[in-house]
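Enquirer:
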Amino acid sequence: MSSGLPRPGVHFMMGNFACVEAAILAGCRFFAGYPITPSSEIFERACVRFPQVGGIAVEMEDEMASVAALIGASYAGAKAMTATSGPGFSLMMENIGLAFIMEAPIVIVNVQRAGPSTGIPTLIGQGDVMQARWGSHGDLETVVYAPSSVQEFFDLTIRAFNTAERLRTPVIVLADQLVGLMWEKVVIPPAEEIEIVERKVMDPRLLSTRLPFDYSADVNPMPIVGTGCRVNIDSLTHDERGYPTTSQEVSDRMLRYLLGKIRNHARELWMYKEFMTDDAEVVVVAYGSTARSALNAVKQARSRGIKAGLLQLITIWPFPSDVIERLSQRVNVLVVPEINFGQLVHPVREHAKCPVIEVNWAPGSLIEPNVIVDAVEVAAA
Amino acid sequence: MRYEVRITGLGGQGAITAGHILGRAAAIYDGKEAVVTEGYSPYITGGWSRADVIISDETIDYPLITKLDVLATMYDEGFVQNLRHVKRGGVIVTVKELVKHDSQDHKVLPVPAIEVAESLGRKIVANIVILGAIVAVLGTPSLESVEKALADRFPKAADLNRKAVRQGYSIASELLASIGVSGRR
C-alpha cells in the first residue's frame with residue numbers, strides 16, 4: 183500500500199468505495215464535489231484516499247462549482263471527477279455543456295436516488311436517464327455507462343476515464359443507490375494489467391503550422407495550461423482558432439466535429455451483455471440494478487417454459503440503436519422495465535422492429551422480479 | 002444454494018457490522034458469492050438498523066431478500082416487524098434478554114447473547130455472539146472464515162471476538178439439537 187494504490191486481489195467492498203479505487207487506478211487525482219446522499223461515500227473516501235496518492239479532494243460551494251473545478255483541473259492536465267445524486271446532477275447540467283464545448287475530459291458519477299426534486303434521498307431511482315442525455319442545453323452528445331454490480335461500478339469507472347480522455351468529452355457513470363451502497367465481491371487487477379488511456383496533448387511548437395481546433399480531425403490534441411499553448415478556450419461557439427464567432431457556417435462545422443467525436447465512435451462505445459437470448463422469443467431490456475431483477479425474472483420465466491432472454495445495456499448513451507434493431511428482428515416482443523415512468527423505453531421503441539412493452543415501477547425500491555415475470559408472460563401469450 | 006439472512010438491531014448494537022463480517026467471510030474466505038445491503042430507520046438516532054445478507058454458490062442476480070432463511074433480531078419489536086419476511090419453518094435467532102416474542106410457525110432460538118458477552122467482559126460483543134449463532138444455523142460460511150473476517154475488521158479484538166463467535170455457535174448448535182434440527186444443513 184506504500185504506493186497508495188489499492189491492493190490487487192479479491193475485495194468485499196461497497197460500490198461507492200470501489201468507484202473511488204477505480205478512479206485512483208485510472209489515474210484520477212482531482213475530486214471536487216458537494217456531498218449528497220446516496221453518493222456521499224464516494225466523496226468521503228476520496229478525501230481519505232486521494233491525498234494518499236498525491237491527489238486532491240476538495241469540497242466546493244455547490245455542484246455547479248464542482249464541475250467548473252473539474253474543467254479547470256482537466257485543463258491543468260489532471261484527470262478529474264465528481265460524484266452526486268439527482269438534485270446535484272440537475273445543478274451540474276450547465277457546466278456539463280461547458281465541458282462538452284470546451285472538450286474537457288471529466289467524469290461525473292451520479293448515484294441515482296428517488297426523485298423528482300429531493301424525492302427520497304436514501305432510496306433507489308432511475309429517473310435521470312433522459313437528463314443524462316438531454317439535460318444540458320444545446321446540441322450535445324454524452325457517453326453514459328450504467329453499472330449493475332459493484333464489479334461493474336469499478337470497471338466502468340475506469341472505462342469512463344478512458345473514454346473521456348480518448349474523446350476529450352465529459353462521461354457520466356449512471357449508478358443507482360443500490361449499486362452504490364451494496365457490498366459485494368470485487369476483483370481489483372494489478373495496476374499494470376489495467377488498460378489506461380491518456381489524452382493526446384498539444385505540442386505548442388505545432389501551433390505555428392496548424393490550428394488548435396481542426397474540425398476535420400477526429401479528436402484534437404488538448405492544449406494544457408502552462409505548457410506554452412496560447413490557445414483561447416471558449417464557451418461561445420468558436421472557430422478553428424478558438425475565437426468566438428456568430429457564423430452559422432462555423433457553428434455547423436464545430437457542432438458536427440463535437441457531436442461526431444461521439445457519434446462516429448458509438449459502435450466502439452456500446453457495451454452490453456446478453457443472457458439466454460439465442461433462442462429467445464421475449465427479451466427483457468434492462469440496465470443498472472434493474473438488470474439483476476430482470477435476470478432473475480428471465481430465469482423464472484424459463485422455468486415456466488417461456489423462451490425469455492435478457493439484454494443488459496451497459497452503455498445507455500449513445501443509445502445502442504443497432505443492437506436493439508438487430509435483436510428485435512428475431513424476437514417477438516421486447517420488455518423494458520425501469521424504476522421510472524418510461525425513459526429508456528423511448529429510444530428502444532424508436533429502434534425496435536417488434537412491439538415493446540414498458541414496465542414502470544415508482545422509485546423507492548428495486549423493481550421486483552415477479553412484476554417483470556408477469557410482463558414477460560403477457561408478452562409471450 | 003441461496004441463503005437469505007437479516008440481522009437487525011437498534012443503532013449501536015452492531016447488527017450491520019455483524020452482517021458485513023458474515024458477507025466478507027463468505028465472499029473472501031469461503032469462495033462464495035455474497036451481497037450485503039443496509040437499511041436504517043429514517044431521522045432517528047438509535048432507531049432500527051439492519052443488514053441483509055445473501056450468500057450463494059452461484060452469481061447472485063436479485064440482490065435483495067425474498068424470504069428469509071434466518072432472521073436475527075437484537076430488539077423486541079424487530080421480531081414482529083420482520084416476521085412476515087421469514088419463510089415458514091425458517092429460523093429466528095433472538096437476543097434472549099431483549100426479545101420476548103415467539104412464533105409457532107418458525108424455529109426460534111433465544112441466545113443469551115448479553116449474558117455471554119458480559120461473561121467475556123465486553124457487552125459490546127453481543128452482536129458477535131449472535132453472528133456465531135447465525136453461522137451455526139446456516140452451516141455456512143465456516144467458523145474459521147468468520148474468525149478471519151473478524152480479525153480483518155478488528156485485529157486488536159481478534160481473541161475476544163473468536164471466543165464470542167464460538168460461544169454463540171455452540172449455544173445455537175445445542176438449541177438446534179434440542180429442537181431436533183441438525184445444525185449444518
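Protein chains in written order, with this note's numbering: chain A, 183 to 563; chain B, 2 to 186.
Where is the CB? At the ideal position from N, CA and C, for every residue including glycine.
(1) Which residues mark the beginning and the end of the beta strand (DSSP E) in which T60 of chain B is found?
(2) Output the distance between the C-alpha atoms of G215 of chain A and N292 of chain A, rounded to the nearest integer angstrom.
(3) Short of 6 Å in beta carbon distance, which residues of its chain neighbour M183 of chain A, apart from the five on each side in sequence? Order them along the chain.
(4) Mapping the DSSP letters down to three states, classify A281 of chain A as helix, strand or coil.
(5) Give me the Cβ distance between V192 of chain A and I29 of chain B, rounded to the nearest whole Å; I'm assuming they're in contact under 8 Å.
(6) Return no unless some Cβ of chain B is closer than 8 Å to the Cβ of M364 of chain A.
(7) For K157 of chain B, is the classification buried or exposed, using 16 other Cβ atoms within 10 angstroms of its Cβ as the cut-off for buried?
(8) So is N162 of chain B buried or exposed if we call it buried at 16+ other beta carbons inside 10 Å?
(9) Quick check on DSSP: helix, strand or coil for L11 of chain B?
(10) Residues of the segment 24-39 of chain B with a CB closer than 8 Å to any CB of chain A: list them in chain order, please.
(11) Is the segment 468-481 of chain A in contact with the segment 421-437 of chain A, if contact means three or more CB pairs nearer than 8 Å?
(12) Return the bridge partner residues of Y41 of chain B from the DSSP annotation.
(13) Tell me which residues share the same chain as E540 of chain A and place their Cβ nearer than 7 Å to its Cβ, disregarding the 5 neighbours each side in the sequence.
(14) In three-state DSSP terms, what is A260 of chain A?
(15) Specify whether the segment 437-456 of chain A and the segment 479-496 of chain A touch according to this definition: at least 3 beta carbon pairs, one from each stretch, less than 8 Å apart.
(16) Mapping DSSP to helix, strand and coil, what is W499 of chain A?
(17) Find out if the Cβ-Cβ distance for the pair L207 of chain A, M246 of chain A is shorter than 8 Å.
(18) Grab me the residues of A483 of chain A's own chain with a C-beta within less than 6 Å of its C-beta, minus the 5 sequence neighbours each way, in chain order.
(19) What does the Cβ neighbour count give for T38 of chain B, buried or exposed, with the cut at 16 atoms within 10 Å?
(20) I believe N522 of chain A touches N552 of chain A by the beta-carbon criterion, under 8 Å. Please report the beta-carbon distance rounded to the nearest angstrom.
(21) Suppose you measure from the CA of S429 of chain A to the CA of H319 of chain A; what does that come to, to the nearest Å?
(22) Quick one: does K367 of chain A have its CB under 8 Å from some CB of chain B?
(23) In whole angstroms, what is the alpha-carbon distance linking A534 of chain A and P545 of chain A?
(24) Does H86 of chain B come out as helix, strand or coil in the three-state DSSP assignment?
(25) Spatial neighbours of I8 of chain B within its chain, please: C-beta separation below 6 Å, excluding the five flanking residues on both sides.
(26) What does Y63 of chain B reach in chain A if we use C-beta pairs closer than 7 Å?
(27) CB A296 of chain A to CB I290 of chain A, shorter than 8 Å?
(28) Residues in its own chain within less than 7 Å of I180 of chain B by CB, not counting five upstream and five downstream?
(29) Name the chain B residues that come within less than 8 Å of F336 of chain A, Cβ to Cβ?
(30) Please compile the residues from chain A whose C-beta is within a distance smaller than 9 Å of the C-beta of H21 of chain B.
(31) Whole angstroms is fine: what's the gap from A476 of chain A's alpha carbon to I354 of chain A's?
(32) Which chain B residues are close to L360 of chain A, counting only those with a beta carbon under 9 Å from its beta carbon?
(33) Going straight from the alpha carbon of L509 of chain A to that of A286 of chain A, what length do you get?
(34) Is there a Cβ of chain B sitting closer than 8 Å to that of L548 of chain A, yes or no?
(35) Using a threshold of 8 Å, state whether the C-beta atoms of V147 of chain B and V166 of chain B are closer than that.
(36) Looking at the strands, I want to know which residues DSSP matches up with V293 of chain A.
Expert: Quick look at the numbers:
(1) It is not in any beta strand (DSSP E) - T60 of chain B carries neither H nor E in the DSSP assignment.
(2) Taking the CA atoms as reference points, G215 of chain A sits about 12 Å from N292 of chain A.
(3) With a pLDDT of 46 at M183 of chain A, under the threshold of 50, the modelled position of that residue is not reliable, and the figure given next carries that caveat. Hits under 6 Å: none found.
(4) In the three-state DSSP reduction, A281 of chain A falls in the helix class (H, G or I).
(5) Rounded, the Cβ-Cβ distance is 6 Å, consistent with contact.
(6) M364 of chain A counts as touching chain B.
(7) Result: exposed.
(8) With 16 or more other CB atoms across the displayed protein chains lying within 10 angstroms of its CB, N162 of chain B is buried.
(9) Here L11 of chain B sits in strand by DSSP.
(10) Residues passing the 8 Å Cβ filter: G24, R25, A28, I29, E34, A35, V36, V37, T38, E39.
(11) As far as the Cβ criterion goes, the segment 468-481 of chain A does not touch the segment 421-437 of chain A, which means the pair count is below three.
(12) According to DSSP, Y41 of chain B shares a beta bridge with B:S50.
(13) Hits under 7 Å: V518, G524, V527.
(14) The answer is coil: DSSP assigns A260 of chain A none of H, G, I, E or B.
(15) The count of Cβ pairs closer than 8 Å, one atom from the segment 437-456 of chain A and one from the segment 479-496 of chain A, reaches three, so the stretches are in contact.
(16) Three-state DSSP puts W499 of chain A in a strand.
(17) One thing to note: L207 of chain A has its Cβ no nearer than 8 Å to the Cβ of M246 of chain A.
(18) Only A490, V555, V558 meet the Cβ criterion.
(19) So T38 of chain B ends up on the buried side.
(20) That pair is no contact at about 19 Å.
(21) Roughly 19 Å separates the two Cα atoms.
(22) Contact with chain B is found for K367 of chain A, since one of that chain's Cβ atoms lies less than 8 Å from the residue's Cβ.
(23) Their Cα atoms are separated by approximately 26 Å.
(24) In this structure, H86 of chain B counts as helix in the three-state DSSP scheme.
(25) Take I8 of chain B, set aside five residues on each side of it, and the residues of its chain with a beta-carbon closer than 6 Å to its own are A16, A19, G20, A52, A73, in chain order.
(26) Under the 7 Å cutoff, chain A gives R474, S475, N478, P551.
(27) It is not a contact, given that the beta carbons lie outside the stated cut-off.
(28) Hits under 7 Å: K108.
(29) Ordered by position in chain B, no residue passes the 8 Å Cβ test against F336 of chain A, which lies about 15 Å from the chain.
(30) Near H21 of chain B (Cβ distances below 9 Å), the residues of chain A are F194, W365.
(31) If you take the alpha carbons of A476 of chain A and I354 of chain A, they lie about 23 Å apart.
(32) Within chain B, the residues near L360 of chain A are T38, P64, L65.
(33) Cα to Cα, L509 of chain A sits roughly 35 Å from A286 of chain A.
(34) The C-beta of L548 of chain A comes closer than 8 Å to at least one C-beta of chain B.
(35) A Cβ-Cβ contact shorter than 8 Å links V147 of chain B with V166 of chain B.
(36) A:A357, per the DSSP bridge assignment.
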